[in-house]
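S.K.:
Protein chains: 2
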Amino acid sequence: MPLPHTEAPGYLVSNLASRGVRMTRQRRAILGIIETASHHLDAAQILRKAQKQEPEVDRVTIYRTLSLLKRHGLIDELDLMHLQGEKHFYERKTPREHVHMTCLRCGRVTEFESRLFDGLKKQVQKECRFQIAVARMEIGGYCSSCRA
Amino acid sequence: MPLPHTEAPGYLVSNLASRGVRMTRQRRAILGIIETASHHLDAAQILRKAQKQEPEVDRVTIYRTLSLLKRHGLIDELDLMHLQGEKHFYERKTPREHVHMTCLRCGRVTEFESRLFDGLKKQVQKECRFQIAVARMEIGGYCSSCRA
DNA sequence: AGTCACGATGCAACCAGTTGCAACAATGCG
DNA sequence: CGCATTGTTGCAACTGGTTGCATCGTGACT
Numbered sequence: 007m008p009l010p011h012t013e014a015p016g017y018l019v020s021n022l023a024s025r026g027v028r029m030t031r032q033r034r035a036i037l038g039i040i041e042t043a044s045h046h047l048d049a050a051q052i053l054r055k056a057q058k059q060e061p062e063v064d065r066v067t068i069y070r071t072l073s074l075l076k077r078h079g080l081i082d083e084l085d086l087m088h089l090q091g092e093k094h095f096y097e098r099k100t101p102r103e104h105v106h107m108t109c110l111r112c113g114r115v116t117e118f119e120s121r122l123f124d125g126l127k128k129q130v131q132k133e134c135r136f137q138i139a140v141a142r143m144e145i146g147g148y149c150s151s152c153r154a
Numbered sequence: 007m008p009l010p011h012t013e014a015p016g017y018l019v020s021n022l023a024s025r026g027v028r029m030t031r032q033r034r035a036i037l038g039i040i041e042t043a044s045h046h047l048d049a050a051q052i053l054r055k056a057q058k059q060e061p062e063v064d065r066v067t068i069y070r071t072l073s074l075l076k077r078h079g080l081i082d083e084l085d086l087m088h089l090q091g092e093k094h095f096y097e098r099k100t101p102r103e104h105v106h107m108t109c110l111r112c113g114r115v116t117e118f119e120s121r122l123f124d125g126l127k128k129q130v131q132k133e134c135r136f137q138i139a140v141a142r143m144e145i146g147g148y149c150s151s152c153r154a
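As given, the protein sequences belong to chains A and B, one line each in that order. Mapping of the first sequence onto the numbering used here: position 91 corresponds to residue 97, and the numbering continues sequentially without gaps. Mapping of the second sequence onto the numbering used here: position 87 corresponds to residue 93, and the numbering continues sequentially without gaps.
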């Protein structure tokens with residue numbers, strides 16, 4: 007499922023720069039890759055792509071950059087129900103958070119926006135007096151084409 | 007937050023045995039620990055407790071038993087927003103699934119049941135024609151005592 | 001009780017992600 | 001423009017979790 011290209015190219019770079027974050031060759035490469043990604047990427051894929059531009063990049067730098075983006079709320083980290091080992095997937099934060107459904111048979115990932123999801127978050131904020139920073143809802147099961 | 011002791015002792019053992027799963031010394035020890043746990047445990051804690059009963063148990067056996075329980079839908083695996091590294095926590099499956107909120111400051115974990123959560127799952131099943139096996143909603147943020 | 005098939009175990013080696021630390025380089029200032 | 005500050009990088013070593021494989025032991029059948 008391709009992600010929509012809602013932001014101008016360079017958005018992550020300029021957003022971070024405007025917050026006083028230093029721009030290095032490595033970061034520029036990594037941010038560009040995440041920005042122009044057409045689907046969910048894992049850390050190893052980002053590393054491989056980044057090394058095509060900057061062969062010296064270390065995987066540690068990938069993880070540190072991803073963690074920087076998480077801290078600034080610019081990407082979301084997904085487990086996708088640990089379908090493939092323990093690795094994580096990353097996507098640019100979209101204006102509306104959505105549910106991720108992973109098919110346990112074919113591995114396809116579907117996204118779903120719902121007013122109930124938004125409502126549930128509001129309810130937690132209000133009834134539990136809990137200030138939400140990140141909310142993640144992930145579902146594992148069987149998609150319509152894989153059901154018996 | 008203590009978990010309620012809703013099931014008779016030996017429930018996991020007899021449940022699995024009735025499905026034709028072999029019972030070994032190691033499994034009996036691990037299942038007993040999970041059953042009588044008064045809070046969310048991680049794999050390392052389960053290993054340490056199990057080795058008090060059966061000193062020869064290997065961590066691999068812990069992970070394989072946890073994965074067995076997941077496959078049979080008898081426990082839920084939680085990330086708790088990766089608050090502490092990459093480790094996971096485990097809890098017996100309760101009749102009603104609930105949301106887990108983790109405070110990013112004090113680390114406290116709160117559980118919350120909501121009709122909106124149940125409704126959201128129903129909506130996914132119906133509108134996305136997606137048959138749910140596991141649903142996990144985790145929230146990271148700041149609890150009422152930790153908010154500015 | 002004795003035998004046997006096959007599932008479960010432990011070990012070693014591996015994958016994903018994190019941390020401590022010394023060397024390095026992006027920015028701000030003169 | 002050159003320099004100092006301080007954040008960033010790469011390396012090595014580590015933690016948490018998984019996999020392949022030879023050995024072991026459960027539970028079924030006699």
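Even glycine gets a Cβ: it sits at the ideal position worked out from N, Cα and C. As the structure is a prediction and not an experimental result, all values here were calculated from the model.
V27 of chain A lies in the beta strand (DSSP E); which residues open and close that run?
M.R.: That residue, V27 of chain A, is in no beta strand (DSSP E); it is neither H nor E in DSSP.
S.K.: One question on the structure: do L72 of chain B and E144 of chain B come within less than 9 angstroms of each other, judged by their Cβ atoms?
M.R.: No. Outside cutoff.
S.K.: Round the Cβ separation of V105 of chain A and V130 of chain B to the nearest angstrom and send it over; I've been treating them as touching at under 8 angstroms.
M.R.: About 7 angstroms separates the two Cβ atoms, so the contact holds.
S.K.: In this structure, how does DSSP classify L84 of chain A when only helix, strand and coil are distinguished?
M.R.: Reduced to three states, the DSSP call for L84 of chain A is strand.
S.K.: If you check the beta carbons only, do Y148 of chain B and L110 of chain B fall under 9 angstroms apart?
M.R.: Result yes, Cβ atoms of Y148 of chain B and L110 of chain B sit closer than 9 angstroms.
S.K.: Assess contact between the region 108-127 of chain B and the region 110-130 of chain A, defined as three or more Cβ pairs (one per stretch) separated by less than 8 angstroms. Is contact present?
M.R.: Enough Cβ pairs lie closer than 8 angstroms, so yes.
S.K.: Can you find a C-beta in chain B that's less than 9 angstroms from the C-beta of Q137 of chain A?
M.R.: Chain B, which has a Cβ nearer than 9 angstroms to the Cβ of Q137 of chain A, makes this yes.
S.K.: I need the DSSP call for L18 of chain B, collapsed to helix, strand or coil.
M.R.: In the structure shown, L18 of chain B sits in a helix (DSSP, three-state: H, G or I).
S.K.: Let's see if you can read the secondary structure: which residues bound the alpha helix (DSSP H) around R54 of chain B?
M.R.: Taken as a continuous stretch (DSSP letters only), the alpha helix (DSSP H) holding R54 of chain B covers A49 to Q59.
S.K.: Need the endpoints of the beta strand (DSSP E) that T100 of chain B sits in, please.
M.R.: Careful: T100 of chain B lies outside any beta strand (DSSP E) and carries neither H nor E.
S.K.: Which first and last residues belong to the alpha helix (DSSP H) in which R142 of chain A is found?
M.R.: Taken as a continuous stretch (DSSP letters only), R142 of chain A belongs to no alpha helix (DSSP H), being part of the beta strand (DSSP E) at Q137 to Y148.
S.K.: Could you check where the beta strand (DSSP E) with V115 of chain B kicks off and where it finishes?
M.R.: V115 to F118 is the extent of the beta strand (DSSP E) around V115 of chain B.
S.K.: To the nearest angstrom, report how far apart G16 of chain B and R142 of chain B are at their CA atoms.
M.R.: Answer to the nearest angstrom: the Cα atoms are 26 angstroms apart.
S.K.: Could you check the C-alpha separation between R54 of chain A and K93 of chain B for me, to the nearest Å?
M.R.: Straight-line Cα distance between these residues: approximately 26 angstroms.
S.K.: Considering only the alpha carbon of each residue, which of A:E83, A:F136, A:S151 and A:C134 lies closest to C134 of chain B?
M.R.: Residue A:S151 is the option with its Cα nearest to C134 of chain B.
S.K.: For the alpha helix (DSSP H) containing L122 of chain B, name the first residue and the last one.
M.R.: Note, L122 of chain B: alpha helix (DSSP H), R121 to E133.
S.K.: Grab me the residues of P61 of chain B's own chain with a C-beta within less than 6 angstroms of its C-beta, minus the 5 sequence neighbours each way, in chain order.
M.R.: Excluding sequence neighbours, P61 of chain B sits near nothing in its chain.
S.K.: Please classify G107 of chain A as buried or exposed, where buried requires at least 16 neighbouring CB atoms within 10 angstroms.
M.R.: In the sequence as presented, Gly is not what sits at residue 107 of chain A; that position holds Met. When all chains shown are included, M107 of chain A counts as buried.
S.K.: Would you say A56 of chain B and I81 of chain B are within 9 angstroms of each other, going by their C-beta atoms?
M.R.: No, these two residues do not count as a Cβ contact at 9 angstroms.
S.K.: Kindly list the residues whose CB is nearer than 7 angstroms to the CB of E83 of chain A, restricted to its own chain and excluding five residues on each side of it in sequence; keep chain order.
M.R.: If we look at E83 of chain A and ignore the five residues flanking it on each side, its Cβ neighbours are K76, H94 and Y96.
S.K.: Applying a beta-carbon distance threshold of less than 9 angstroms, which residues of chain B neighbour G147 of chain A?
M.R.: Per Cβ cutoff of 9 angstroms: V130, Q131, F136, Q137, I138, A139, V140 and A141.
S.K.: In chain order, what residues of the same chain lie with their CB nearer than 7 angstroms to the CB of D48 of chain B, ignoring the 5 residues before and after it?
M.R.: K93, H94 and F95, listed in sequence order.
S.K.: By the three-class DSSP mapping on this structure, what secondary structure does S151 of chain B have?
M.R.: Here S151 of chain B sits in coil by DSSP.
S.K.: At the 9 angstroms Cβ level, is R153 of chain A part of the contact set with chain B, yes or no?
M.R.: So, interface residue.
S.K.: Buried or exposed, going by whether 16 or more other CB atoms sit within 10 Å of the CB of V27 of chain A?
M.R.: It counts as exposed.
S.K.: Let me know if L122 of chain A comes out buried or exposed under the rule of 16 or more other beta-carbons within 10 Å of its beta-carbon.
M.R.: L122 of chain A should be labelled buried.
S.K.: Do you know how far the Cα of G146 of chain B is from the Cα of C112 of chain B?
M.R.: So the two alpha carbons sit approximately 11 angstroms from each other.
S.K.: Taking beta-carbon pairs under 9 angstroms, can you tell me which members of the region 79-92 of chain A lie near chain B?
M.R.: Going along the region 79-92 of chain A in chain order, one finds E83, D85, M87, H88 and E92 with a Cβ nearer than 9 angstroms to chain B.
S.K.: How would you label A35 of chain B, buried or exposed, when you count the other beta carbons within 10 angstroms and need 16 or more for buried?
M.R.: Under this definition A35 of chain B is a buried residue.
S.K.: On the CB-based measure, 16 or more other CB atoms within 10 Å of its CB, does V63 of chain A come out buried or exposed?
M.R.: Buried, by the Cβ-count rule.
S.K.: Who are the near neighbours of R65 of chain A in its chain, counting only those whose CB is closer than 6 angstroms to its CB and skipping five residues on each side?
M.R.: Same-chain partners within the cutoff: L53.
S.K.: On the criterion of 16 or more Cβ atoms from any shown chain inside 10 Å, does P10 of chain A qualify as buried, or is it exposed?
M.R.: Reliability of the predicted coordinates at P10 of chain A is poor, the pLDDT of 45 falling under 50, and no value is obtained from them.
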